[in-house]
Structures are given as C-alpha cells and as structure tokens.
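Student: Be aware that the sequence shown starts at 13, since it is given in the numbering used here, and climbs by one per residue. I am attaching a structure below and will ask some questions about it afterwards.
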Amino acid sequence: MTKDKKMPENPVVAVAGATGAVGAEFLKVLHDVNFPASEVRALASARSAGKELEFEGCGNVSAGKLVVQEMTSESFKGVDIALFSAGASVSKAMREAVVNAGAIMIDNSSAFRMDPDVPLVVPEVNPQDIQWHSGVIANPNCSTIQMVVALKPLYNLSRIKRVVVSTYQAASGAGAPAMAELYDQTREFLDGTPEDELTINAFQHRIAFNCIPHIDVPMEDGSTKEEWKMVVETKKIMGDADLAVCATCVRVPVLRCHGEAINVEFEDDVTVEQARAALSSAHGVQVMDNLENCEYPMPGILAGTDGVFVGRLRRDNSVEHGLAFWNVADQIRKGAALNAVQIAQLLVS
Ligand code: NAP
Numbered sequence: 013m014t015k016d017k018k019m020p021e022n023p024v025v026a027v028a029g030a031t032g033a034v035g036a037e038f039l040k041v042l043h044d045v046n047f048p049a050s051e052v053r054a055l056a057s058a059r060s061a062g063k064e065l066e067f068e069g070c071g072n073v074s075a076g077k078l079v080v081q082e083m084t085s086e087s088f089k090g091v092d093i094a095l096f097s098a099g100a101s102v103s104k105a106m107r108e109a110v111v112n113a114g115a116i117m118i119d120n121s122s123a124f125r126m127d128p129d130v131p132l133v134v135p136e137v138n139p140q141d142i143q144w145h146s147g148v149i150a151n152p153n154c155s156t157i158q159m160v161v162a163l164k165p166l167y168n169l170s171r172i173k174r175v176v177v178s179t180y181q182a183a184s185g186a187g188a189p190a191m192a193e194l195y196d197q198t199r200e201f202l203d204g205t206p207e208d209e210l211t212i213n214a215f216q217h218r219i220a221f222n223c224i225p226h227i228d229v230p231m232e233d234g235s236t237k238e239e240w241k242m243v244v245e246t247k248k249i250m251g252d253a254d255l256a257v258c259a260t261c262v263r264v265p266v267l268r269c270h271g272e273a274i275n276v277e278f279e280d281d282v283t284v285e286q287a288r289a290a291l292s293s294a295h296g297v298q299v300m301d302n303l304e305n306c307e308y309p310m311p312g313i314l315a316g317t318d319g320v321f322v323g324r325l326r327r328d329n330s331v332e333h334g335l336a337f338w339n340v341a342d343q344i345r346k347g348a349a350l351n352a353v354q355i356a357q358l359l360v361s
C-alpha cells in the first residue's frame, strides 16, 4: 500500500507471529484498544498451523477462537495492516509479499529499522514520520521505545546533548521460550541441579540468580548490537544525529518489564521541578516518584501496564546541566505490541 492510498475504516489485520510472546500481546492489545478491524488473521510457522488461539474480539470481529494459519507469501491477500513479530529473517522474506498485496507492514524486528526509506516510529515522539513510509513502518527496539518516550518531553525543555543509559532487561524480551527458561532454571537451581546440568538455551549463561551484560551479538567496537540499536535508533527517532548516546544493556532475572537508569546532559539548565512537570504532563508517561514513601517504578508491579513509568528523578551533579532518573515499562506492551498498534491507529485515523 502506498502512502497515498486510503486506509479503510475497518482494515483487515494480519498478526504474523501470533503464537509468540509479542504476537499473543498483539491479540490482547487489539482487543484492549478495540481496534476497528473487520478481520484478524493469526499467522505463524507450519509448526503452529491449525492451533487455536483465544481472541476477545475487536472492531467488527467477535470474540472466539482464531485458527493459526501457516504464513506464506499468499497469506497477505486482502490484508491492510500486517503486524509482524516473527523475527528479522521472516520479516525480510515476507516484505515483498506484504507490500505487493497492498498492505502496510508494521515490523517489530530489527530488519528495516535503520533503512532510510523506513520510518521508525514512536507515536508520542515522531508520529509525523508515518507520512513518508513506502509500505513498511518499523517499531523500534523495546529498550529504545521506553527511553525516548521519557526523553522527548525533557528534550522539549532544552536540547539534550548526551544520554548515558544502563538497562535491566527482562527475560521475556528474548521471547516466550526465554521466559519459560527463567522459570525452569530457577526451579532446577533451587532443586540443587549442578551448574553444568542446567538447561541453558535462551541466553549465553544461566539467567536464574544472575545478570548477563550481553544482549544480541558483539559489535567490532566492543559494544553489543542491543547497545548499538539504542544509540542509532534514538538519534533517528529524535531526529538529532548529534545526540550522543552511550548504552550498557544487561539481561536480569525479571520475567517482564525492562528498567533503565538514565543520565541526561542538557544544553541549558533544567531543574528537577521543571523536568517533573514536563514528564507529568507528557502523553504516555507516568511519574511515580516518592523516595520517602518507597514509591518508584518496579518491574515486579508493572507487568501488563501501558505507560512508561518514571521515578528517582534527581539532579546529576557530575555534569553542568545533568538529570538522572529511572524508568520502567512493559516491553511486550509499550515496547512492542502496543506501540505497533498505536502506529496502526495513526494509519486508520
Ligand atoms: P517468540 O516468542 O519466540 O515468537 C516468535 C513467533 O514467530 C512465533 O509466533 C513463531 O511461530 C513465529 N515464527 C518463527 N519462525 C517463523 C517462520 N519461519 N514463519 C512464520 N512464523 C515464524 O518471539 P517474540 O519475543 O514474540 O519476538 C518476535 C519478534 O519481536 C522478534 O523480532 C523480536 O526481536 C521482536 N521483539 C520482541 C520483544 C519482546 O519483548 N519479546 C520486544 C520487541 C521486539 P511458531 O510458534 O509457529 O514457531
């Protein structure tokens, strides 16, 4: 579908990767926002063909079971919006079929995020960028999304020169099997299974009772690809190629919701009070910040929520105009499925 073609009021939606962690959340979010779909198709690999998924309904689609179909290049005939979360190689393999079918692909993988003809969109930050798509819109990396939602209202107070971020990323960020591995390994560990007999598939090391500073593949400069993604994607979404970003990405034994410790350096002075006021009134952000009362965002209490939660706001005195804070978001909702469905809502509106 070209950007000039009008999106129907009641689009046909395909969920590609419907049996996965993000795919399951797509189905929930479509229901939660009552997306005005006329049809929802569940697609996955041949392994899942025929499997039935519960769907609570949305738009003109009644609640009931969706039968999973094997995804092939024929699957997109009649589809208007294809929500993709089946991994980068599948997105690359299906791009042509989706676009030729006249659909718009909203892709959760890293396949096209940095392509110059593909907008990388977070609706709270750069909704205007959906206008220049040519059939594919990319959903940013989950860690990037929750960071830029918080950075944008601050950037509006004063240009941000530099961001230093350390992430605390949940196991489910690596997919449904990775979350199962955290449960199983924790049980094995507590049962006294020797280290060399633990089941380790999803991560480089044991994730139970551990932290792993290694997400995605190594890059030549000693960083990881997850860290690189946070650097280049933030510049693209914020539209500021000179914004300096340094990221350290760490996998932690949390089931769901990423946390991020963020330090920003502004061009001009911004007080903590100004930052708090800007964040409090920003769309998609919820400030949860009362250290005296032990109130701050935590992954353990925020799974299933939609906002980007910000707390521990304080001045960073190590630089002239510095601010430090902590944020938490459910990376399967705002970091993936919800953000993509919000992009679809922009297309329909
Ligand atoms: P997942 O739980 O492992 O699910 C993968 C999905 O892709 C399953 O539905 C699987 O179907 C399907 N699939 C795999 N190979 C396929 C093929 N050849 N043809 C058709 N379908 C195929 O993974 P996930 O966590 O949902 O992640 C999916 C994508 O979203 C990845 O690109 C990931 O980087 C991105 N993402 C994930 C998160 C997160 O927090 N998990 C956040 C942001 C972005 P079967 O069940 O049939 O195998």
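Built from N, CA and C at the ideal position, the CB exists for glycine as well.
Relative to the C-alpha of M250, which residue among N112, A75, N339, N168 is closest?
Tutor: N168
Student: Rounded to a whole number of angstroms, what is the C-alpha to C-alpha distance between V284 and F124?
Tutor: 37 Å
Student: Express the C-alpha separation of F67 and K77 in angstroms, rounding to a whole number.
Tutor: 6 Å
Student: Examine the ligand NAP and report whether any of its heavy atoms sits within less than 7 Å of the Cβ of T283.
Tutor: no
Student: Out of curiosity, what's the CA-to-CA distance linking S121 and A150?
Tutor: 8 Å
Student: Determine the extent of the beta strand (DSSP E) in which R174 is found, giving its start and end residues.
Tutor: 172-181
Student: For F88 and A115, which I take to be in contact (beta-carbon distance under 8 Å), what is that distance rounded to the nearest angstrom?
Tutor: 5 Å
Student: Looking only at its chain, what residues have a beta carbon closer than 6 Å to the beta carbon of A186, apart from the 5 residues adjacent to it on each side?
Tutor: A214
Student: Hey, would you say S85 sits closer than 8 Å to A109, going by beta carbons?
Tutor: yes
Student: Please report the straight-line C-alpha distance between V322 and I219, rounded to a whole angstrom.
Tutor: Rounded to whole angstroms, V322 to I219 spans 26 Å at the Cα level.
Student: Exposed or buried, which one is T211 when buried takes at least 16 other CB atoms within 10 Å?
Tutor: Classification for T211: exposed.
Student: Does the Cβ of N120 lie closer than 7 Å to at least one heavy atom of the ligand NAP?
Tutor: yes
Student: When the Cα atoms are used, what is the spatial distance from G347 to E304?
Tutor: Their backbone Cα atoms lie some 29 Å apart in a straight line.
Student: When you compare only the Cα positions, how much space is there between P311 and A253?
Tutor: 31 Å
Student: Based on Cα-Cα distance, which residue from K248, T205, Y180, N112 lies nearest to V130?
Tutor: K248
Student: Per DSSP, what kind of secondary structure is T236 in: helix, strand or coil?
Tutor: strand
Student: Is DSSP giving H145 helix, strand or coil here?
Tutor: H145 sits in coil when the DSSP states are folded into three classes, being neither helix nor strand.
Student: Within the same chain, show all residues whose beta-carbon is closer than 6 Å to that of S1, passing over the 5 residues directly before and after it, in chain order.
Tutor: In the structure as shown, the chain begins at 13 and stops at 361. Residue 1 is therefore absent and cannot be evaluated.
Student: Kindly list the residues whose CB is nearer than 7 Å to the CB of Q181, restricted to its own chain and excluding five residues on each side of it in sequence; keep chain order.
Tutor: For Q181, where only same-chain residues beyond five positions count, the Cβ hits under 7 Å are S155, I227, C261, V262, R263, V264, H270.
Student: So, helix, strand or coil for E82, using DSSP?
Tutor: strand
Student: From the DSSP output, in three-state form, read off V25 for me.
Tutor: Note: V25 maps to strand in three-state DSSP.
Student: Tell me, to the nearest whole angstrom, how far the beta carbon of D368 is from that of R324; I am working on the premise that it is less than 8 Å.
Tutor: The requested residue 368 does not occur in the structure, where the chain is confined to residues 13 to 361.
Student: Going by C-alpha to C-alpha distance, which of L359, L358, V353, Q357 sits closest to A36?
Tutor: V353
Student: Rounded to whole angstroms, what is the Cα-Cα separation between N46 and L314?
Tutor: Between the C-alpha atoms of N46 and L314 there is a straight-line separation of about 22 Å.
Student: Since N339 and Q158 are thought to touch, with beta carbons under 8 Å apart, how far apart are those beta carbons, to the nearest angstrom?
Tutor: 6 Å
Student: So who's on the other strand from P230, going by DSSP bridges?
Tutor: T236
Student: Does the ligand NAP have a heavy atom nearer than 7 Å to the CB of Q158?
Tutor: For Q158, the shortest separation between its Cβ and any heavy atom of the ligand NAP does not lie below 7 Å.
Student: Restricting to runs no shorter than 3 residues, where is the beta strand (DSSP E) found entirely within the segment 247-290?
Tutor: 256-263, 270-278
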